[in-house]
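A.B. asks: Keeping their order, the protein sequence lines are chains G and H.
Per my numbering: the first sequence = residues 1 to 333.
Per my numbering: the second sequence = residues 1001 to 1333.
C-beta atoms are modelled at their ideal positions from N, C-alpha and C, and glycine is treated no differently.
Dropping a structure here in structure tokens format, bear with me for questions.
Number of protein chains: 2
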Amino acid sequence: MNIKTIASMAGVSVATVSKIINNYSDVGEETRQRVLRIMEETGYKPSSSAKTLATKKSNLIGVVFAGKLNSDLNHPIFVKVINAFKKQIGLLGYDLLFFSNETFFQSKEDYLARCRHFQVDGCIIIAGDIIEPSVVNLARSDIPCIGIDIEIDGVNSTYLMSDNANIAAKIVEHLYMRGYREIGLLGIERNSGVILIRETAFRESLKTFGLPIRPEWIIRSVDYARDSGYRAMKGLISSGSLPQAMFAVTDHLAFGVMQAMKEHHLRIPQDMALVGCDDIDACKYTVPPLTTVRQDTDKIGRLAALMLFDMINKQINPTAVMVESELIVRESC
Amino acid sequence: MNIKTIASMAGVSVATVSKIINNYSDVGEETRQRVLRIMEETGYKPSSSAKTLATKKSNLIGVVFAGKLNSDLNHPIFVKVINAFKKQIGLLGYDLLFFSNETFFQSKEDYLARCRHFQVDGCIIIAGDIIEPSVVNLARSDIPCIGIDIEIDGVNSTYLMSDNANIAAKIVEHLYMRGYREIGLLGIERNSGVILIRETAFRESLKTFGLPIRPEWIIRSVDYARDSGYRAMKGLISSGSLPQAMFAVTDHLAFGVMQAMKEHHLRIPQDMALVGCDDIDACKYTVPPLTTVRQDTDKIGRLAALMLFDMINKQINPTAVMVESELIVRESC
DNA sequence: ATGATTTACGAAAGCGATTTCGTAAAAAGT
DNA sequence: ACTTTTTACGAAATCGCTTTCGTAAATCAT
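Structure follows, in structure tokens:
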């Protein structure tokens, strides 16, 4: 069932059918109706590959998970962003192509080549632990790209993320208002991207409030796993000196802190207050429920779709956008 | 940069280049090397749409979320299955095409038409609350399909799910062994799919152990939300009679039970034991940590990829597979 | 050395759309 | 009534790749 069949069924040429499909004006009304009806009856849908071949537009958006650590569909925040993005971009007529990280391509990470291979119209790049050169290549190319939690620049790309500096500031302010003066941080060893922003803003906020920055209260986890947070916190506890409050740069890490505290029969928030970051589902189920900052994943995903659409179709290049987050006060501080 | 460019650069015909790309045997070794080198240097990758058009194979697998309720990337179990599936299918040379639920297609749910449009080589269908006619059409078509948590039959489709009957049996057995004799159930009102299997098996297991099935201990939530579980449990509590233990058919529902219990100052497991199902992340963070059954999402995803691959490439139609799950004993019973 | 077979390659016809450009018929202008 | 403009449509080239089939040259058998 192809365009030729439809054409001969309707007694017109393929050109006319094509014009009807693409809303050209130079086709008579009754012909249009007749062909439309036949297409409806036969359930005909034009082949996307033929269309793509002819037009060089695929109506496909590539989804790239940069890096390998902490960046795939298992990531609690990114999956929500993607989901919101998918909804909005679908409304705009696009479908999503998820690149597998392990295909037949020799240079597994040659995203640009893969984008060209599929002729995606645009890309959404999800932050990973590191920014591979291949991701930079992609961003610098002529393919419209929008980065999530990853600052990429290129002629045709921009990015979108939560205002992480503000997140850290909000947290410090909240702790300060609650009377905490000795505030520690549980960060990540290989500091980069949003985590780095959070830590930097954290330090600055402490300064703003005239609070001390004590190196022994700045601890680091080797990675994003709860268990690593747990181990880092064990170290701090055995050092003997606890701050009054602690900011864990992600919720999972905060859970690790909770575990360590519990094991040592230390109470939250009495012995040490705790605040996490991201507001993943589990936050409300812990004891105590975790005070944290909720990233507006819905807005991020939606905006990303809208911005990318504009980049593709209106050749306008939106500037980077920061999305506000919301402090969720629970009982951990 | 297309195959013609490569051909002229190498001083051969496009046919020869194509043969090299596709590992044909009738091409000389030195020619092969020369062309290969040029392809490498120029970073040439064949266009997928042209290839798809010519071969009618796209190396794309369609991802269909059937139904609208409780079935998208936000679903804690499905997202893990998809992630595992994506890894394995990637290894086999396929990428994933996520169909948006809201595109320009008139009949939004005409999955078969969309599969043909993109010429996907196969499909993975993720269970939803209801099985739409369009999903049935797809399954009945000539496109290889594999269903997750959804029993579909068609000439070219099969399915894969956890052994939900066994899950329920395991749970009842565990509760029995721990001495509980009065066991209730928190189910879903619109009973279908795996939830129905769980409930049916639950009832049968009670019978096997000679335990009573008391209708007042069988309660139902209107949907999958924690809050709905919470409300259902509130109803049970206010009725005055609690079973000794309760099986909530999903973890989220169990969390709702916990919330209701807490509000009424009832303790778990002392006043009533509780067991959930699925082992989502949050289970280990609740107080008490929730005893539950872990679905082997990794295995499900991996097997689904392997089976689908066989269906596509070896024309063999695997039989439906049940995957074993593991009881995770924590402190809620 | 001659015929048979194998090897290495290319010409050309698809695959299913889009799009430009040309043209007959109809409508409008005078 | 005749020219001009508009409307409605089609022929054919094109997009980038695959695949069949034909053939010249090289290799083999005798």
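Which residues, in order along the stretch 1262-1274 of chain H, keep a beta-carbon less than 8 Å from a beta-carbon of chain G?
C.D. replies: Going along the stretch 1262-1274 of chain H in chain order, one finds no residue with a Cβ nearer than 8 Å to chain G.
A.B. asks: Would you please verify whether the beta carbon of residue 89(G) is less than 8 Å from any beta carbon of chain H?
C.D. replies: Numbered from its first residue, the first sequence carries residue 89(G) at position 89. Interface annotation, residue 89(G): in contact with chain H, CB-CB separation under 8 Å.
A.B. asks: Residue 1122(H) bridges to which residues according to DSSP?
C.D. replies: Numbered from 1 along the second sequence, position 122 holds the residue referred to as residue 1122(H). Partner(s): 1061(H).
A.B. asks: Are residue 1329(H) and residue 1170(H) touching if we call contact CB-CB under 8 Å?
C.D. replies: As a first step, residue 1329(H) is located in the second sequence; it is residue number 329 there, counting from the start. As a first step, residue 1170(H) is located in the second sequence; it is residue number 170 there, counting from the start. No, the Cβ-Cβ distance between residue 1329(H) and residue 1170(H) is not below 8 Å.
A.B. asks: Who are the Cβ neighbours of residue 1106(H) in its own chain at under 8 Å, not counting the five residues just before and after it?
C.D. replies: Along the second sequence, read from residue 1 onward, the residue named residue 1106(H) stands at position 106. In this predicted model, residue 1106(H) has a pLDDT of only 44, less than 50, meaning its place in the structure is not dependable; the value taken from the coordinates is given anyway. So no residue of the chain qualifies.
A.B. asks: Show which residues of chain H have a CB atom less than 8 Å away from the CB atom of residue 286(G).
C.D. replies: As a working note, residue 286(G) is residue 286 in the first sequence. Those are 1285, 1286, 1287, listed as they occur along chain H.
A.B. asks: Tell me the residue span of the beta strand (DSSP E) that contains residue 1041(H).
C.D. replies: Locating residue 1041(H) in the second sequence gives position 41, counting from the first residue. Not the beta strand (DSSP E): residue 1041(H) falls in the alpha helix (DSSP H), residues 1029-1042.
A.B. asks: Which bits of chain H does residue 100(G) rub up against, with CB to CB less than 8 Å?
C.D. replies: The residue you call residue 100(G) lines up with position 100 of the first sequence. Correct list: 1086, 1087, 1089, 1090, 1091, 1094, 1095, 1096.
A.B. asks: The beta strand (DSSP E) with residue 334(G) in it runs from where to where?
C.D. replies: Only positions 1 to 333 of chain G appear in this structure, which leaves residue 334(G) out of reach.
A.B. asks: Any beta-carbon of chain H closer than 8 Å to the one on residue 309(G)?
C.D. replies: The count along the first sequence starts at 1 and reaches residue 309(G) at position 309. False, the Cβ-Cβ gap to chain H never drops below 8 Å.
A.B. asks: Kindly indicate which residue of 297(G), 44(G), 200(G), 207(G) has the alpha-carbon position closest to the one of residue 325(G).
C.D. replies: Along the first sequence, read from residue 1 onward, the residue named residue 325(G) stands at position 325. Minimum Cα distance to residue 325(G) is reached at 297(G).
A.B. asks: Going along chain G, which residues have a C-beta under 8 Å from residue 1074(H)?
C.D. replies: On the second sequence, position 74 is the one that residue 1074(H) refers to. Within chain G, the residues near residue 1074(H) are 79, 80, 83.
A.B. asks: Counting along the chain, where does the alpha helix (DSSP H) carrying residue 343(G) start and finish?
C.D. replies: There is no way to answer for residue 343(G), as the model of chain G reaches only from 1 to 333.
A.B. asks: Between residue 146(G) and residue 307(G), how many whole angstroms is the CB-CB distance? I'm expecting something under 8 Å.
C.D. replies: Translated into the one-based positions of the first sequence, residue 146(G) becomes position 146. Translated into the one-based positions of the first sequence, residue 307(G) becomes position 307. Indeed they touch by this definition, with Cβ atoms about 6 Å apart.
A.B. asks: Excluding the 5 residues flanking residue 86(G) on each side, which residues of the same chain have their C-beta closer than 7 Å to its C-beta?
C.D. replies: Reading the first sequence from its first residue, position 86 is the one you call residue 86(G). Around residue 86(G): 96.
A.B. asks: Would residue 1052(H) pass as an interface residue toward chain G - the criterion being a Cβ-Cβ separation below 8 Å?
C.D. replies: As a working note, residue 1052(H) is residue 52 in the second sequence. At least one CB atom of chain G sits nearer than 8 Å to the CB of residue 1052(H).
A.B. asks: Counting only runs that start and end within the stretch 239-277 of chain G, where is the beta strand (DSSP E) found for 3 or more residues in a row?
C.D. replies: 245-248, 273-275
A.B. asks: Counting only the same chain and skipping the five closest in sequence on each side, list residues whose C-beta sits under 6 Å from that of residue 10(G).
C.D. replies: Indexing the first sequence from 1 puts residue 10(G) at position 10. Same-chain partners within the cutoff: 34, 35, 38.
A.B. asks: Would residue 1002(H) be called buried (16 or more neighbouring beta carbons within 10 Å of its own) or exposed?
C.D. replies: Taking the first residue of the second sequence as 1, we reach residue 1002(H) at position 2. Per the 10 Å Cβ criterion, exposed.
A.B. asks: Using DSSP with H/G/I as helix, E/B as strand and the rest coil, what is residue 1079(H)?
C.D. replies: Counting from 1 along the second sequence, the entry for residue 1079(H) is found at position 79. If DSSP states are grouped into helix, strand and coil, residue 1079(H) belongs with the helices.
A.B. asks: Taking 8 Å as the threshold (C-beta atoms), are residue 260(G) and residue 230(G) in contact?
C.D. replies: Residue 230(G) sits at position 230 when you count from the first residue of the first sequence. Residue 260(G) sits at position 260 when you count from the first residue of the first sequence. Yes, they are a contact pair.
A.B. asks: Looking only at its chain, what residues have a beta carbon closer than 6 Å to the beta carbon of residue 199(G), apart from the 5 residues adjacent to it on each side?
C.D. replies: Position 199 of the first sequence, counted from the first residue, corresponds to residue 199(G). Result list for residue 199(G): 187, in chain order.
A.B. asks: Report the rounded CA-to-CA distance for residue 1042(H) versus residue 141(G), giving the unit in angstroms.
C.D. replies: Looking up residue 1042(H) in the second sequence gives position 42. Looking up residue 141(G) in the first sequence gives position 141. So the alpha carbons of these two residues sit roughly 16 Å apart.
A.B. asks: Over what stretch of residues does the beta strand (DSSP E) that includes residue 1331(H) continue unbroken?
C.D. replies: Here residue 1331(H) refers to the residue found at position 331 when the second sequence is read from its first residue. It is not in any beta strand (DSSP E) - residue 1331(H) carries neither H nor E in the DSSP assignment.
A.B. asks: Flag residue 1279(H) as yes if its beta-carbon sits less than 8 Å from any beta-carbon of chain G, otherwise no.
C.D. replies: Locating residue 1279(H) in the second sequence gives position 279, counting from the first residue. For residue 1279(H), the answer is no, since every Cβ of chain G falls outside 8 Å of its Cβ.
A.B. asks: Using three-state DSSP, classify residue 1157(H) as helix, strand or coil.
C.D. replies: Locating residue 1157(H) in the second sequence gives position 157, where the first residue counts as 1. Three-state result, residue 1157(H): strand.
A.B. asks: Have a look at residue 1219(H) and residue 1185(H) and give me their C-alpha separation to the nearest angstrom.
C.D. replies: For the purposes of this step, residue 1219(H) is identified with residue 219 of the second sequence, where counting begins at 1. For the purposes of this step, residue 1185(H) is identified with residue 185 of the second sequence, where counting begins at 1. If you take the alpha carbons of residue 1219(H) and residue 1185(H), they lie about 6 Å apart.
A.B. asks: Taking buried to mean at least 16 other C-beta atoms within 10 Å of its own C-beta, is residue 1276(H) buried or exposed?
C.D. replies: Stepping through the second sequence from its first residue, residue 1276(H) is reached at position 276. The residue is buried, with at least 16 neighbouring Cβ atoms inside 10 Å.
A.B. asks: Using beta-carbon positions only, say whether residue 67(G) and residue 120(G) come within less than 8 Å of one another.
C.D. replies: Translated into positions along the first sequence, residue 67(G) becomes position 67. Translated into positions along the first sequence, residue 120(G) becomes position 120. It is not a contact, given that the beta carbons lie outside the stated cut-off.
A.B. asks: Starting from residue 1193(H) and walking both ways along the alpha helix (DSSP H), at which residues does that stretch end?
C.D. replies: Translated into positions along the second sequence, residue 1193(H) becomes position 193. Element bounds for residue 1193(H): 1193-1208.
A.B. asks: Using the three-state DSSP reduction, which class does residue 1178(H) fall into: helix, strand or coil?
C.D. replies: Numbered from its first residue, the second sequence carries residue 1178(H) at position 178. Residue 1178(H): coil per DSSP, three-state reduction.
A.B. asks: When you compare the CB of residue 122(G) with every CB in chain H, is at least one pair closer than 8 Å?
C.D. replies: Start at 1 with the first residue of the first sequence, and residue 122(G) comes out as number 122. By this cut-off, residue 122(G) is not an interface position.
A.B. asks: Going along the chain, which residues of its own chain have a beta-carbon closer than 8 Å to the beta-carbon of residue 318(G), five neighbours each way excluded?
C.D. replies: Residue mapping note: residue 318(G) aligns to position 318 of the first sequence, counting from 1. Residues 158, 307, 310, 311 of the same chain have their beta carbon placed closer than 8 Å to that of residue 318(G), with the five preceding and five following residues left out of the count.
A.B. asks: Taking just the CA atoms, how far does residue 1176(H) sit from residue 1207(H)?
C.D. replies: Start at 1 with the first residue of the second sequence, and residue 1207(H) comes out as number 207. Start at 1 with the first residue of the second sequence, and residue 1176(H) comes out as number 176. Between residue 1207(H) and residue 1176(H), the C-alpha separation is close to 12 Å.
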